[in-house]
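Below is one structure, written out as structure tokens; comments come after it.
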Amino acid sequence: MFTRGIRGGDWESYRGALSDMLPYIALYDHGNYLKSLSVHIADLNQLPLEVEAGFHSGDFAVLKTKKKFSQVELDHAQETQISEQTYSMFSKASSTLCHKEETGSRRSRDLHDEDAILQLMETYNLGSTERCCTVLSNVATKDIATTKISEALLTAKQRGAELVQNFARQRLVQNPENGKFLVNYHATLHKNNALTLGDLYKEMPTQASNTKQVMDTDRDFLRILIAACKGGRKIDLKKILKHELCKVRVSLATAYGELRTAEKASLVKEILMGIECQSKLSFAKNDSILMIDGMAFVLSLGRPQLA
Numbered sequence: 002m003f004t005r006g007i008r009g010g011d012w013e014s015y016r017g018a019l020s021d022m023l024p025y026i027a028l029y030d031h032g033n034y035l036k037s038l039s040v041h042i043a044d045l046n047q048l049p050l051e052v053e054a055g056f057h058s059g060d061f062a063v064l065k066t067k068k069k070f071s072q073v074e075l076d077h078a079q080e081t082q083i084s085e086q087t088y089s090m091f092s093k094a095s096s097t098l099c100h101k102e103e104t105g106s107r108r109s110r111d112l113h114d115e116d117a118i119l120q121l122m123e124t125y126n127l128g129s130t131e132r133c134c135t136v137l138s139n140v141a142t143k144d145i146a147t148t149k150i151s152e153a154l155l156t157a158k159q160r161g162a163e164l165v166q167n168f169a170r171q172r173l174v175q176n177p178e179n180g181k182f183l184v185n186y187h188a189t190l191h192k193n194n195a196l197t198l199g200d201l202y203k204e205m206p207t208q209a210s211n212t213k214q215v216m217d218t219d220r221d222f223l224r225i226l227i228a229a230c231k232g233g234r235k236i237d238l239k240k241i242l243k244h245e246l247c248k249v250r251v252s253l254a255t256a257y258g259e260l261r262t263a264e265k266a267s268l269v270k271e272i273l274m275g276i277e278c279q280s281k282l283s284f285a286k287n288d289s290i291l292m293i294d295g296m297a298f299v300l301s302l303g304r305p306q307l308a
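Residue numbers (our numbering): 2 to 308.
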């Protein structure tokens with residue numbers, strides 16, 4: 002609603018979206034945004050009548066063309082203007098005045114992508130009211146929240162609103178007796194450390210070894226299998242569940258075929274296992290291909306002695 006309010010010139014949607022986001026911003030420790038948006042929203046609610054009337058007509062954003070849904074925020078418009086002047090200063094052609102979202106091909110592609118996402122969600126019964134889960138769970142990872150985390154998430158807006166009220170009362174409202182604030186506006190905000198679904202598998206230190214390892218290496222792999230099984234695909238779990246949970250990853254690549262980060266060296270060792278590297282290359286009479294890894298060649302030189 003925030004972006005739609007800006008692009009469509011809807012003042013109530015823009016102001017309402019900012020007010021709705023503020024409690025969550027306060028609860029999840031975004032201190033800088035809490036300080037600036039609190040003052041900004043307070044100013045928006047105390048505008049002069051003629052200014053508020055202009056904002057209701059869509060004048061709070063910049064409309065570059067007469068097309069609908071083409072307004073941009075003031076800071077983005079200022080960046081565009083500076084970019085345009087910079088291009089003209091160096092006699093360069095500027096393309097920043099044409100927003101990609103306005104073109105017909107981009108809009109049709111966005112609509113096609115939205116339909117594809119909705120179709121995929123319907124295929125796997127995501128968001129279906131017929132098979133609605135009775136507990137709070139993550140749609141993407143299928144993780145089920147604990148009772149403590151569920152209460153923290155479901156009461157997030159209420160607790161965040163209380164933090165916003167305390168912030169405004171202590172730092173934005175002066176004491177009528179002495180004309181001072183209870184807390185300095187720039188004082189450091191205390192961390193709330195609110196619980197989220199990311200705290201389900203958070204490592205906690207123990208008194209014995211001061212470390213505690215969470216065996217979540219295979220958890221991501223099993224999660225994909227369970228989601229595929231619920232989607233109707235045939236999976237032989239008896240064969241898959243034979244391997245044990247391990248501290249290291251069981252494969253160099255993800256289930257989607259992408260090589261894991263920092264696994265290039267391990268992949269090279271697996272490929273070259275049992276292969277004898279010749280010191281001299283003998284080219285055959287037919288066509289041959291020579292592949293050289295530049296980075297590997299540089300690393301093989303080693304560090305100079307005096308480096």
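We put the beta carbon where it would ideally sit given N, CA and C, even for glycine.
Check: Simplified DSSP state of Gln175, which is helix, strand or coil; Outcome: coil
Check: Beta-carbon proximity check, Gln166 vs Leu183, cutoff 8 Å; Outcome: no
Check: Candidates Gly17, Gln47, Gly32 and Ala18, of which the one nearest Thr189 by Cα; Outcome: Gly32
Check: For Ala62, the residue or residues it bridges with in DSSP; Outcome: Answer is none; Ala62 lacks a bridge partner.
Check: Beta-carbon contacts of Asn194 that lie in its chain and below 6 Å, excluding the five residues immediately before and after; Outcome: none
Check: Within 8 Å, strictly: CB atoms of Asp30 and Lys192; Outcome: yes
Check: Gly232 and Tyr88 closer than 8 Å at C-beta; Outcome: no
Check: Backbone secondary structure at Gln72 - three-state DSSP; Outcome: strand
Check: Host alpha helix (DSSP H) of Met122 (start-end); Outcome: Gly105 to Thr124
Check: Reduced DSSP category for Ser138 - H, G, I as helix; E, B as strand; rest coil; Outcome: strand
Check: For Ala195, the three-state DSSP class (helix, strand or coil); Outcome: coil
Check: Ile150 - DSSP class collapsed to helix/strand/coil; Outcome: helix
Check: Separation of Leu173 from His187, as counted between CA atoms; Outcome: 11 Å
Check: Buried or exposed by the 16-neighbour rule on C-beta atoms within 10 Å, applied to Ser39; Outcome: buried
Check: Beta-bridge partners of Ile145, as assigned by DSSP; Outcome: Ser138
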